[in-house]
Amino acid sequence: MLGVFTALSSRQAAYLGVSLVIGMIAREYVRAYVTAKLGDPTPRLWGRLTLNPKQWFDPFGSGILPALILILWAGSPYRPPPIAYAKPAALDPNYLRRGDRDVLIASLAGPLANLLLGSLAGLVRQIGLGLEANLAVNAFVFTNISLFVFHLMPIPGLDGARILARYLPVRARAVYTNLDQYLVLFILAIVFLLPAPVLAIVDALTNAVCGIVAGGPCRA
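In terms of numbering that gives the first Met the number 0, the sequence shown is residues 0 to 219.
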């Protein structure tokens, strides 16, 4: 029985890993594309208008963090939501024609790309597939919805914080934005040191969205 559980967990981890790669490529490309369309040439100048992960790969956020999460999924009862993040977004608000409104649109582009992918896969899941196919599709839904929810959290360095910062007073915005440099520390604390309650919120919201787009929770 333990061998069966271990094999199942390893397959789940593999499917989550593939889903993370696809989800991150989609979110980073869409964010760069939308930002460029809003008038900011920075994504093109930084080489971010590409599907090549090398352009946005962050050693910790795109490498170490998801690898540790997948290892936990493969052989541990503690299973954090499948999350990852890229290098800071290539965005210069000075180029945007409508100021904070365009910053909001650019910041929402990545999460909404993941929501769209998760929703499309959710429709496939509701068709009723075989056991293995359902495992893979559920992993894809779960990963993309987790990315959608996680990146909208008001954690400095993520899209949610960039959105919230636009509505803060000038001095508070400056302090809040400067916390972006400590994103690695925030993530270490949230995922590995003090996982509750932030991850509980992420899981709850993820399951709620999954219930809408896929007809049921992604995590039992």
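No residue lacks a Cβ here, since even glycine has one placed at the ideal position from N, Cα and C. A quick note: this is a predicted structure, and the numbers were derived from the prediction, not measured.
Supposed close pair residue i, residue j - CB separation, criterion 8 Å
{"i": "Ala105", "j": "Val33", "result": "6 Å"}
{"i": "Leu133", "j": "Gly117", "result": "Per the sequence shown, residue 133 should be read as Asn rather than Leu. Contact flag wrong, Cβ pair sits at about 15 Å."}
{"i": "Leu151", "j": "Asp158", "result": "6 Å"}
{"i": "Val29", "j": "Gly129", "result": "That pair is no contact at about 31 Å."}
Residue i in three-state terms, based on DSSP
{"i": "Lys223", "result": "This structure leaves residue 223 out entirely; the chain is present only between 0 and 219."}
{"i": "Cys209", "result": "helix"}
{"i": "Ser75", "result": "coil"}
{"i": "Thr49", "result": "coil"}
{"i": "Met152", "result": "coil"}
{"i": "Pro110", "result": "helix"}
{"i": "Phe56", "result": "coil"}
{"i": "Ile63", "result": "helix"}
{"i": "Ala83", "result": "coil"}
{"i": "Ala13", "result": "helix"}
Residue i at chain C interface by Cβ criterion, 7 Å
{"i": "Asp158", "result": "The chain inventory of the structure shown lacks chain C, comprising one protein chain alone."}
C-alpha gap between residue i and residue j, whole angstroms
{"i": "Gly121", "j": "Phe141", "result": "9 Å"}
{"i": "Leu1", "j": "Ala188", "result": "Here the model assigns Leu1 a pLDDT of 36, short of 50, so the residue's position is not dependable, and the following value carries that caveat. Straight-line Cα distance between these residues: approximately 31 Å."}
{"i": "Gly81", "j": "Asp99", "result": "Correcting the residue type first, residue 81 is Pro in the shown sequence and not Gly. Cα to Cα, Pro81 sits roughly 30 Å from Asp99."}
{"i": "Ala195", "j": "Val102", "result": "30 Å"}
{"i": "Ser8", "j": "Leu19", "result": "16 Å"}
{"i": "Ala83", "j": "Arg96", "result": "30 Å"}
{"i": "Asp57", "j": "Gln125", "result": "34 Å"}
{"i": "Phe4", "j": "Arg78", "result": "Here Phe4 scores only 40 on pLDDT, less than 50, and its place in the model is too uncertain to base an answer on."}
Identity of the residue in the options nearest residue i by Cα
{"i": "Gly156", "options": "Val29, Val102, Leu111 and Lys86", "result": "Lys86"}
{"i": "Ile200", "options": "Phe149, Gly16, Leu119 and Leu7", "result": "Phe149"}
{"i": "Pro40", "options": "Ile68, Ala207, Leu90 and Pro65", "result": "Leu90"}
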